[in-house]
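Following: one structure in structure tokens, then a few remarks.
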Amino acid sequence: MILGVANLSSESEGNQQLNQESADIPANYNSDQALIIGSEKLFENKKTVFISHNGSWYKLMITKQNKLILTK
């Protein structure tokens with residue numbers, strides 16, 4: 018589930034600090050292995066996004082209760 022947006026800012030060489038705006042970022046977050054995208058940016062004022070992955074299509078929707086549902 019995408020919870021919000023985080024800004025990465027460099028503190029010193031090789032070190033990055035996560036500045037949280039609206040998300041609870043996992044403590045084990047590694048920017049080399051994960052990308053954080055806010056749902057506002059992902060959906061761009063729409064309620065549905067289609068995702069192509071490994072030859073299949075997935076549908077990610079925002080419900081009336083503001084929850085995310087991913088279906089194949």
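Residue numbers for the sequence shown follow this note's numbering, so the first one is 18 and each next one is one higher.
Glycine residues also receive a C-beta, built at the ideal position from the N, C-alpha and C atoms.
Keep in mind the model is a prediction, meaning the values are calculated, not measured.
Counting beta carbon pairs with one atom in the segment 73-87 and one in the segment 55-64, are three or more of them shorter than 8 Å? yes
Which residue comes first and which comes last in the alpha helix (DSSP H) that contains Leu59? Ser56 to Phe60
Beta-carbon proximity of Ser73 to Lys89, cut-off 8 Å: yes
Backbone CA spacing between Gln82 and Pro43 [nearest angstrom]: 24 Å
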